[in-house]
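**Student:**
Residue numbers (the working numbering): 89 to 197.
1. Below 8 Å, can you find three or more Cβ-Cβ pairs linking the region 175–192 to the region 107–115?
2. Between the alpha carbons of residue 137 and residue 128, how many angstroms are there, rounded?
3. Does DSSP put residue 174 in a helix, a strand or coil?
4. Quick one: give me the first and last residue of the alpha helix (DSSP H) that residue 113 is part of.
5. What are the boundary residues of the alpha helix (DSSP H) that includes residue 194?
6. The alpha helix (DSSP H) spanning residue 107 covers which residue range?
7. Would you grab the beta carbon distance between residue 115 and residue 103 for me? Rounded to a whole angstrom, and I think it's under 8 Å.
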């Protein structure tokens, strides 16, 4: 599926068409949470002088992942990119799209 450039609504519609209803909304919601994580971490990690007590930055998870509740099981949170994709995107092809960016950069998903 070809994704339109610079059109969030167009991408959502293309994903719904290619992968089924709801795929575009899941992808758009995920990107919104990823943007929140970027906004929280960019300045303190990349733009400011490193703090002498940098551990304070690790006290709160910057990615606002959705907690997943399972019947009779405790809440589960993702700790890797692959787990984020599995829990939040659910659709294997959406997960592959997400992981392709990390893999293209030479990182493990």
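Positions of the beta carbon are idealized from the N, C-alpha and C atoms, including for glycine.
Every value quoted in this text rests on a predicted model; they were computed, and no experiment measured them.
**Tutor:** Taking the geometry as given:
1. yes
2. 16 Å
3. helix
4. 111–130
5. First-last for residue 194: undefined, no H or E at that position.
6. 96–107
7. 5 Å
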